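Heads up: the structure comes next, in structure tokens.
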């Protein structure tokens, strides 16, 4: 089973930036898809961004042009660069990986103050 550990969350003012990282317990070279989801209080978990092992990316409309997902197969990490943050980006962000099944990290809190 793949274990995922997120880091990089925190408190930032609107307009600021944060970079989230997700470290996997094994090589991600063969992991088909990895990505980030988020869940705000009282809301369902939603897709933020995904990246395939070929480097194809997909983003939620709400973050297009502001967030960038990347993966480093040599370091077994997936990152999410978040720029121009808005209060509505406040949520717990979860790293996700899909190989033989879905795997989730424990989540990291991102809070954007207005």
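Numbering (my numbering), first residue to last: 7 to 120. Each residue gets a CB set at the ideal place from its N, CA and C atoms; glycine is no exception. Being a predicted model, the structure only gives us computed values, none of them experimental.
Is residue i helix, strand or coil by DSSP?
i	result
residue 67	coil
residue 32	coil
Classify residue i as buried or exposed, calling it buried when 16 or more other Cβ atoms lie within 10 Å of its own Cβ.
i	result
residue 20	exposed
residue 85	buried
residue 71	exposed
residue 114	buried
residue 131	Because residue 131 is not part of the residues shown, which for the chain are 7 to 120, the question remains open.
Quick check on this structure: which residue in the options has the alpha carbon closest to the alpha carbon of residue i?
i	options	result
residue 22	11, 36, 90, 12	90
residue 64	109, 42, 46, 120	42
residue 106	37, 82, 50	37
Tell me which residue opens and which closes the beta strand (DSSP E) that residue i is part of.
i	result
residue 58	52-58
residue 72	Careful: residue 72 lies outside any beta strand (DSSP E) and carries neither H nor E.
Open item on the list: For the stretch 54-64 against the stretch 74-81, do three or more pairs of beta-carbon atoms, one drawn from each stretch, fall closer than 8 Å, so that the two count as touching?
Closed with: yes
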